Amino acid sequence: MTNNQISIPIQVAGWTINQQDLLKLPIHGQNGKIVPLSAVANISNSIVNLQTITRTNGKPSVLLDILKTPSSNITDVSERIKRKLKEIPAYKNKDVKVSILFDQGAQVNAALKDLIKEGLLGCLFSIICVFLFFRKVRSTLLIALSLPICLLAAAGLLKTMGISLNLLTVSGLIVSMGRVVDDSIVILDNMNRKVHEAKGVRSMDAIVKGVTEMIPAIVSSTATTVAVYVPIALVGGMISSAFSGFAWSVVIALIMSLFVSIFIVPAFYNLFWKGKPSAVEDDLEPLAYKIFAWVFARKGKTSAVTLALFLLTVISAAFLPVNFLPASTQTGQVGVQVEMPRNTALTEVNAEVQRLEGLFKANPKITSFSSGLGSSFTPQSDDVFDAGGGWLQQPNIANISITLKKGTDVNAFISELQKQLNGLSGKAVYTVSNASIAGDDTQLKINLMGADSQKLETLAQTVRNQLKLIPGLAVQGAADAEDQTAQYQLTLNRKAIEKNGIKLEDVLNRIQLYVAEGTKGSISINGNTFPVVIHTDVQNGATNDIFSIMGRETFLNKDGKKVPLTQLAILTSSGTPLIQEKDGQPFAVVTANITSNDIGKVTSEVKKALAQMPLPEGIKVSFAGAPQQVYEMMVEMGFALFISVFLVLFIISVVFRGWKAPLSVLLCIPLAFIGSVISMVIFKLEWNLAAFVGLLMLTGIVVTNGIVLVDKVERNIAAGMKLEEAILQGTLTRIRPILTTAFTTILTLIPLAFSSRTDTVISQTLGIVVIGGLVSSTFISLFMVPICYKWLHRSAPLANQVDIKEAALN
1 MTNNQISIPI
11 QVAGWTINQQ
21 DLLKLPIHGQ
31 NGKIVPLSAV
41 ANISNSIVNL
51 QTITRTNGKP
61 SVLLDILKTP
71 SSNITDVSER
81 IKRKLKEIPA
91 YKNKDVKVSI
101 LFDQGAQVNA
111 ALKDLIKEGL
121 LGCLFSIICV
131 FLFFRKVRST
141 LLIALSLPIC
151 LLAAAGLLKT
161 MGISLNLLTV
171 SGLIVSMGRV
181 VDDSIVILDN
191 MNRKVHEAKG
201 VRSMDAIVKG
211 VTEMIPAIVS
221 STATTVAVYV
231 PIALVGGMIS
241 SAFSGFAWSV
251 VIALIMSLFV
261 SIFIVPAFYN
271 LFWKGKPSAV
281 EDDLEPLAYK
291 IFAWVFARKG
301 KTSAVTLALF
311 LLTVISAAFL
321 PVNFLPASTQ
331 TGQVGVQVEM
341 PRNTALTEVN
351 AEVQRLEGLF
361 KANPKITSFS
371 SGLGSSFTPQ
381 SDDVFDAGGG
391 WLQQPNIANI
401 SITLKKGTDV
411 NAFISELQKQ
421 LNGLSGKAVY
431 TVSNASIAGD
441 DTQLKINLMG
451 ADSQKLETLA
461 QTVRNQLKLI
471 PGLAVQGAAD
481 AEDQTAQYQL
491 TLNRKAIEKN
501 GIKLEDVLNR
511 IQLYVAEGTK
521 GSISINGNTF
531 PVVIHTDVQN
541 GATNDIFSIM
551 GRETFLNKDG
561 KKVPLTQLAI
571 LTSSGTPLIQ
581 EKDGQPFAVV
591 TANITSNDIG
601 KVTSEVKKAL
611 AQMPLPEGIK
621 VSFAGAPQQV
631 YEMMVEMGFA
641 LFISVFLVLF
651 IISVVFRGWK
661 APLSVLLCIP
671 LAFIGSVISM
681 VIFKLEWNLA
691 AFVGLLMLTG
701 IVVTNGIVLV
711 DKVERNIAAG
721 MKLEEAILQG
731 TLTRIRPILT
741 TAFTTILTLI
751 PLAFSSRTDT
761 VISQTLGIVV
771 IGGLVSSTFI
781 SLFMVPICYK
791 WLHRSAPLAN
801 QVDIKEAALN
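Each residue of the sequence shown is one higher than the one before, starting from 1 at the first, in this note's numbering.
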């Protein structure tokens, strides 16, 4: 209230409105009659402007996706979140039910425990292997002692570097266990040999000579192995993002093992050794002598068989599937995408999702499921390791995340569910995929850029039609092709409106009842203000019915006559008004979900299909998503492998001061490739990031055997032995440490490679690739490295050679 001097605020109270009062609100009709609001309208409580819907197990819910910071401990964050949830009053009083759909912290914690258990089991196997070769308890205990020293020191240094113990770092430590004892085995075997040559007298000179003689070999072998892992940590991109912690854990463990083998093992050997050293080599070397002599006498046939194996392996490798990361195939998450035609109302999409939820409730293999409509989370970049991401409004697309029961085969479930959904009637297109790996790494995206947006959209639809014919692809936008939602344009006739004397505002307000969300306002009830949206029921009808009713709307002209809307406006069908631009140029994107486990094959089929399509002039085509990730992985891995081989060649060239011996050592690498590919074929694995890292690991591991072998041959030649005698004796002398180190590494990895858990799928792939490569490289290189060394030194004087066939006859 305002007078001439001041304004006084006044609040009128005592009259509250409820829903019943609104229903009784009198409405005046055109015929003069008064009816209550309840006669012409319904009032219901609902969420205004509902744009997203989430449900868990078919019930309305709020879905929270909690992401930890990069430096945080996932298991610690998970436990703290659970404790905080219990402190919420509504949770305590059971007014709100909280369901944890996915807890990565619990999975990581369980996987870590299993990794440690499998690692300890692998250590036990490797120690048993050491005992079988040395047959001395003290030798076995001495080797076993080097393991905890190396691993504890490595864990301490990792913590100092700020690298946490996670699945990959622990896997790195376990994988390195077999290699950690290699240096100690070589040193111990050579000390035994020197003491034995000194007639069993445990003299300090013999021990020192046994150590110093092997220092160049073990230093160079450790340096070459480190040189292989360092590029993984420093090359950048996806490889470093995924495996840098793994690489650093292996590198540090290997460096620690070098120091332990040089300083700790000899000290304990001198302190605790009693009695004569083992002479078991007398049992192994005579048998090996006959085998090697027989093989060396047939160098041509042996080389031909090895070459044939290698060529067969290369051919087999070309037919293996190519993927980005290995996915779980036994337990995990399955994603279902429901795509309706563009511009489909959210209510219709919701009805379709509810139909699927009914099917999921009745499926005994499903533990829980969560549905999201109206928006979906998509990373900002095509690289799953990049940070960021955002929610995109997609009212015509719904995503359902399904958690399966333990023991359910994911691939089999996906196949069954896809067949079941394809049998449903309706407008929706369903895509079922393995959601065990987060990100868009299962999507294929084709970017089309040009100057004409209309041509781009036409070409994009043509590309979609072609991609639908390729097996292993589920094309997004297929629902639009099957049931295209029409676009309409209402053009007002200005002259007709002005001639009839009708206000333009009246026409627009009437049309707004049909095309807008509704008239918005607010009302105060019991002191609280609530938003109110008023809309007509015709909006829920069919498209033709809505336009028919709209056309019959009438307006009073200046003469008092009724004029229908059909005389004031023209309704026409139009194309899509959507225009996308990138860097100032129009572009269109064709997106498809890859349901096959062979990204490489699907990408090849897509490129072949595009090559057969006549593209308009000025249109540029580029790939993104999974194909781009695989391409980047190949480039980065190729670069890392090139750097690794270069560093290895440089190191062993410096050690051996020439090029012939290093070439003999490098022969171990393709020989390892034979076993790796065969093992991948047997266990139905695929080329992926983990498999390539496994090959990189092999590059360092198998070269060690070659260095130890060639180093002894070089020493024999320097001592005055003839060439072939030096090769044969060097091979026999090094057979024990080579076989022991190979078998200890293999036995260490066996529990990890054949673990029943799927959380350690990356470690499993690594283990199988490394085991297969070690088996082939160890046994074939024992024959082929000496043969290659002999061939490279074939120009040596005949006086330095001996007839190897005579040895074979003995």
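The beta-carbon is built from N, C-alpha and C at its ideal position, and this holds for glycine as well. Computed from a predicted model, the values in this text were never measured in an experiment.
* List in chain order: all unbroken beta strand (DSSP E) runs of 3+ residues lying wholly within the stretch 595-659. => 620-625, all fully within the stretch 595-659.
* Asked: Asp440 by DSSP, collapsed to three states: which one?
  -> Unreliable positioning characterises Asp440 in this predicted model, as indicated by a pLDDT of 43, which lies under 50. The coordinate reading is nonetheless provided below. Here Asp440 sits in coil by DSSP.
* Starting from Ser370, follow its DSSP beta bridges and name the residues at the other end. => Thr56 and Ser401
* Asked: What is the DSSP secondary structure of Lys561, counted as helix, strand or coil?
  -> coil
* To do: Give, in chain order, every unbroken run of the alpha helix (DSSP H) that is at least 4 residues long and sits entirely within the stretch 122-207.
  => Counting only runs of 4 or more, we get 137-160 and 167-197.
* Grouping DSSP H, G and I as helix and E and B as strand, with all else coil, what is Thr748? -> helix
* Compare the beta carbon distance of Cys123 and Met177 with 7 Å and say whether it is the shorter of the two. => Yes, the pair counts as a contact, with Cβ atoms nearer than the cut-off.
* Asked: His793 bridges to which residues according to DSSP?
  -> In DSSP, His793 forms no bridge with anything.
* Asked: Is it right to say Ile771 is buried, meaning 16 or more other beta carbons lie within 10 angstroms of its own, or is it exposed?
  -> buried
* Could you tell me the distance, in whole angstroms, from the CA atom of Glu339 to the CA atom of Ser72? => 37 Å
* Quick one: residues in its chain with C-beta nearer than 6 Å to the C-beta of Phe243, no 5 flanking neighbours on either side, listed in chain order? => Ile232 and Val693
* Along the chain, where does the alpha helix (DSSP H) that runs through Thr699 open and close? -> Leu689 to Ala718
* **Residue environment, Leu287, which counts as buried when at least 16 other CB atoms sit within 10 Å** => By the neighbour-count rule (16 or more Cβ atoms within 10 Å), Leu287 is not buried but exposed.
* If we ignore side chains and look at the alpha-carbon of each, how far apart do Gly501 and Gly551 end up? -> If you take the alpha carbons of Gly501 and Gly551, they lie about 19 Å apart.
* Same chain only: Cβ atoms within 8 Å of Leu320, ignoring 5 sequence neighbours per side -> Val677, Met680, Val681, Leu685, Glu686 and Trp687
* Residue of Val211, Trp294 and Tyr229 minimising C-alpha distance to Val260 -> If we check each option's Cα against that of Val260, Val211 comes out closest.
* Asked: Looking at C-alpha atoms only, which residue of Leu663, Lys468, Gly767 and Phe369 is the closest neighbour of Ile787?
  -> Closest option to Ile787, Cα to Cα, is Leu663.
* **Backbone secondary structure at Asn396 - three-state DSSP** => strand
* May I have the straight-line CA-CA distance separating Ser126 from Thr140, to the nearest angstrom? => 10 Å
* Look at the alpha carbon of Ser171 and the alpha carbon of Pro341, and state the distance between them as a whole number of angstroms. => 46 Å
* Going by DSSP, which residues form a beta bridge with Val322? -> Trp687
* Asked: Which residue from Ser524, Ile780 and Val785 puts its Cα closest to that of Leu22?
  -> Ser524
* Asked: Would the beta-carbon of Thr699 fall within 7 Å of that of Ile652?
  -> no
* To do: Indicate whether Val322 and Ile768 have their beta-carbon atoms separated by less than 7 Å.
  => Result no, Cβ atoms of Val322 and Ile768 do not sit closer than 7 Å.
* Do you know how far the Cα of Val226 is from the Cα of Ala247? -> 9 Å
* With Val702 and Gly730 assumed to form a contact (beta carbons below 8 Å), what rounded beta-carbon distance in angstroms separates them? -> Contact doesn't hold; Cβ gap of about 18 Å is too wide.
* Just checking my contact of Leu709 with Val785 at CB under 8 Å: how many whole Å lie between their CB atoms? -> Confirmed, about 6 Å.
* Take the Cβ of Thr603 as the centre, count every other Cβ of all protein chains shown within 10 Å, and call the residue buried at 16 or more, exposed below. => buried
* Just curious, the beta strand (DSSP E) that Asn528 is in, first and last residue? -> Per DSSP, the continuous beta strand (DSSP E) segment holding Asn528 begins and ends at Asn528 to Ile534.
* Asked: At which residues does the beta strand (DSSP E) containing Leu556 begin and terminate?
  -> Thr554 to Leu556
* To do: Measure how close the beta-carbons of Leu404 and Ile366 come, nearest whole angstrom, since I'm counting them as under 8 Å.
  => Leu404 to Ile366, Cβ: 6 Å. Contact.
* So, Ser371 versus Ile400, is the Cβ gap smaller than 7 Å? -> yes
* Asked: In whole angstroms, what is the alpha-carbon distance linking Arg734 and Glu632?
  -> Looking at the two C-alpha atoms, the distance is approximately 41 Å.
* Taking Ile27 as part of the beta strand (DSSP E), name the residues at either end of that continuous run. => Pro26 to His28
* Just the C-alpha distance for Gly162 and Ser249, rounded to the nearest angstrom, thanks. => 12 Å
* Using beta-carbon positions only, say whether Gly450 and Leu444 come within less than 7 Å of one another. => no
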